[in-house]
Amino acid sequence: MGRIVKAFKVCNSTLKPLGKKYHAYTRKSDKYQAGSYINFNGDGALDLGSVVFNQGGTVTIKEPMIALVIIRLSGSSTANRIWMQLLNYNKEIMLAESITYGEYSTGEIVTCLDLDSNTVLGVKTREDVTMNAGGLSSTMEIIRIR
290 MGRIVKAFKV CNSTLKPLGK KYHAYTRKSD KYQAGSYINF NGDGALDLGS VVFNQGGTVT
350 IKEPMIALVI IRLSGSSTAN RIWMQLLNYN KEIMLAESIT YGEYSTGEIV TCLDLDSNTV
410 LGVKTREDVT MNAGGLSSTM EIIRIR
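Residues 290 to 435 in this note's numbering are what the sequence shown spells out, letter by letter.
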């Protein structure tokens, strides 16, 4: 919980009742090869208005916003770690990275981003991973701050 509070302080913002949370969640167990984009909404696209979780594993931001992005990827890997990167798909640049060790583990990225309209984000695995192996779940949340 401390990392989330710290990310809010970095943004120099507070949650307001008008803040909007966009959330995708899956318990579906899927195998991803290294370099694949992770699909957090199971099957199909999930259009939430200002944010669209696309079927191919990318997320489209439809309007400018400052947002707290929270990603939790659970599963197992032959390398005994979850190594993932949050990328700006449009500009092909890495925005954040996480490596978490363990046979069954949950990697987490918590970051605050200033996003333009039509920005496309993606979470890529750096190694083969079986998402949600062992009955775990994975989520991606985008909390609009401004």
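Glycine included, each C-beta is placed from N, C-alpha and C at the ideal position.
So is residue i buried or exposed if we call it buried at 16+ other beta carbons inside 10 Å?
i	result
L304	Its pLDDT being 46, under 50, L304 is placed unreliably in this model, and the value from its coordinates should be taken loosely. Classification for L304: exposed.
S427	buried
P306	Note that P306 has pLDDT 44, beneath the 50 cutoff, so the model's placement of it is unreliable and the number below is only indicative. P306 is exposed by the Cβ-count criterion.
M383	exposed
T367	exposed
S406	exposed
A313	buried
Could you check whether residue j and residue i sit closer than 8 Å to each other, using their CB atoms as the reference points?
i	j	result
Q374	K413	yes
I327	G346	yes
I279	L404	No information on residue 279 is available, as it lies outside the stretch 290 to 435 that the chain covers here.
G364	V418	yes
Can you name the residues that DSSP bridges to residue i?
i	result
Y378	Paired residue(s): none; Y378 is not in a bridge.
E386	Q374
A356	L402, R433
Could you check which residue in the options has the C-alpha nearest to that of residue i?
i	options	result
L410	S394, Y393, I431	I431
P353	G338, T408, F329	T408
I434	A385, S339, I355	I355
Y311	A323, F342, S325	F342
N369	M420, Y378, L376	M420
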